[in-house]
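In our numbering, the protein residues as written are 95 to 408. To start, the structure itself, in structure tokens.
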């Protein structure tokens, strides 16, 4: 094993970053065992050898994504601005309402809730399980295939898209469709997460995956934009810009379309939310590639970052 310890400066950055993350999380969010597990894993990978250290540094954008999502619990978005429950529902119905003889005009979510199929219940679960793992796997594939520059651009745009979406959550807190179906138009603070249409997948498979995920979701009023709709779209964009095979492009395209449909089919998002997520992905990509990368200082930083995670004898 090629053991080469990091420099004193690198060690200081690692220790300070981990200590700060754990301190803020434990003091203001609450302790969970996985926080310590993740900190220990990062520390071990950082110190074990140069290759694993480069991987840790390369994964910083994804780590910051997870931390920023967790830290939104420091200040719930509904404490910043009023929650939009009814207006968004009415706009969705006016733009995309479906006329029925039995129930009148329904939102697409309401229509699908009355027209489910076992096949779509199953496929919806499969598609929604892909929303984060597939983009991360795609990024790691780029990294280990020697496409470190493409990987870094993708990972940083992924982070930027999240920050744009998180910002809008605070500007315009919005309830998801299932909230209206279960609770009506009155905002109820501290409402727990809900699996909604994804519960059919859990019942069908007996895995209870989504019940476990959404039981811990404290960000109920963060439906617009749908970042579920953004992630694999960003990956698809960079599959077109990178040297990857047609299989990746087709896979990401199919999964992206599947997630867009699933978001509406399972009542987790309105079509408006999905459109917002698409706009977030496109805006993040354009902002990074055609604004930030045109700034000399930022471009030099990206070059140094790329060199650090690429040089094999670092």
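Ideal placement from N, C-alpha and C gives every residue a C-beta, glycine not left out.
In the DSSP assignment, residue 200 forms a beta bridge with 192. Put simply, of 106, 357, 375, 404 the residue whose alpha carbon is nearest the alpha carbon of residue 207 is 357. Annotation for residue 168: 122 place their beta carbon closer than 6 Å to its own, counting only its chain and skipping 5 residues before and after.
According to the DSSP assignment, residue 256 belongs to the alpha helix (DSSP H) that extends over 242-265. Check the Cα spacing between residue 204 and each of 259, 368, 275, 184: the tightest is with 275.
Residues 229, 232, 346 of the same chain have their beta carbon placed closer than 6 Å to that of residue 329, with the five preceding and five following residues left out of the count. Secondary structure at residue 317: coil, using DSSP grouped into helix, strand and coil. Nearest Cα to residue 241 within the set 152, 141, 116: 152.
The C-beta separation of residue 304 from residue 315 comes to about 19 Å, leaving the pair out of contact by the 8 Å criterion.
Burial is judged here by how many other beta carbons sit within 10 angstroms of a residue's own beta carbon; residue 197 has fewer than 16 and is exposed. Scanning the segment 343-406 from its first residue to its last, no whole beta strand (DSSP E) run of 3-plus residues comes out.
A distance below 6 Å between beta-carbons, with the five flanking residues on each side excluded, links residue 331 to the following residues of its chain, in chain order: 379.
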